[in-house]
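Participant: Residue numbers (the numbering used here): 57 to 293.
Virtual Cβ for every residue (Gly too), placed ideally from N, Cα, C.
#1: Taking C-alpha atoms, which residue in 85, 125 and 197 lies nearest to residue 108?
#2: Could you give the first and the last residue of the continuous alpha helix (DSSP H) run that contains residue 262?
#3: Could you name the residues of the same chain whose beta carbon sits closer than 7 Å to that of residue 217, not counting the 5 residues immediately before and after it, in chain order?
#4: Quick one: using the 10 Å Cβ neighbour count with 16 as the cut-off for buried, is residue 278 buried or exposed?
#5: Quick check on DSSP: helix, strand or coil for residue 267?
#6: How is residue 108 classed by DSSP in three states: helix, strand or coil?
#7: With respect to the beta strand (DSSP E) encompassing residue 253, which residues constitute its N-terminal and C-terminal limits?
#8: Mind reading off the beta-carbon distance from residue 137 to residue 162? Whole number of angstroms is fine, and I expect it under 8 Å.
#9: What do you get for residue 187, buried or exposed, if any count of 16 or more other CB atoms within 10 angstroms of its CB means buried?
#10: Are the CB atoms of residue 215 and residue 205 nearer to each other than 8 Å?
#11: Buried or exposed for residue 243, going by 16 or more other Cβ atoms inside 10 Å?
#12: Determine the contact status of residue 182 and residue 219, defining contact as a CB-CB distance below 8 Å.
Written out as structure tokens, the structure is:
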């Protein structure tokens with residue numbers, strides 16, 4: 057379905073351009089365009105010697121149209137997720153559902169990748185998929201989060217934060233967020249978060265203080281961790 061991939065990129069493609077990109081003939085392009093129409097895609101064609109093709113504006117393309125290499129990446133990625141969420145079935149059920157909806161050639165590639173892939177490295181701590189999902193929604197929707205947190209010394213606290221991103225570092229998943237009560241950027245291990253919930257309301261989010269999380273961690277992670285440890289014992293304002 058390389059033809060569809062090209063059409064999805066937008067614009068209008070002449071049959072000659074498509075044939076050149078696909079390494080095939082104009083006749084084959086016309087045949088494949090007709091095949092896409094039979095599959096339900098609205099492929100518009102401009103007739104004439106310089107015939108051209110495009111997808112109709114607003115056409116919703118089904119999400120499960122992958123190349124074989126994309127399927128390999130997807131299945132391998134699900135194996136990694138399964139290793140990091142060993143107590144949950146989300147990755148395994150996703151693999152099963154993928155097998156049910158893929159066309160036969162891609163189903164064979166998915167099965168081959170599934171058989172050939174095994175993740176040996178065990179995660180440093182178990183993370184809940186629901187926690188990751190709540191954080192992801194909050195980041196996308198620009199809302200604050202409140203949660204219970206237990207620091208490295210076993211001290212509990214309740215945090216109100218503006219979530220920015222979560223990342224994997226040294227075998228643990230962390231949340232980077234602006235801690236509203238402590239008026240500073242902090243990192244939180246995801247496996248130490250409980251009772252995570254979004255907080256309704258609008259606010260002006262703080263801008264992340266560095267060009268990248270990686271650079272911020274390199275320069276500020278130690279200082280931020282020390283500040284977090286010192287302030288964890290202080291009562292929230």
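Facilitator: The structure says:
#1: With distances taken between Cα atoms, residue 108 lies closest to 85.
#2: Run containing residue 262: none; DSSP gives neither H nor E here.
#3: The answer, listed in chain order, is 200, 201, 233, 234, 235 and 236.
#4: Caution applies to residue 278, whose pLDDT of 46 falls short of 50 and renders its modelled position unreliable; the model cannot decide the point.
#5: Coil, per DSSP.
#6: Correct three-state label for residue 108: strand.
#7: From DSSP, the beta strand (DSSP E) with residue 253 extends over 249–255.
#8: Approximately 20 Å separates the beta-carbon atoms of residue 137 and residue 162; this is outside 8 Å, ruling out the contact.
#9: Label assigned to residue 187: buried.
#10: The answer is yes: Cβ separation under 8 Å.
#11: That one is buried.
#12: Taking 8 Å as the cut-off, the Cβ atoms of residue 182 and residue 219 do not count as close.
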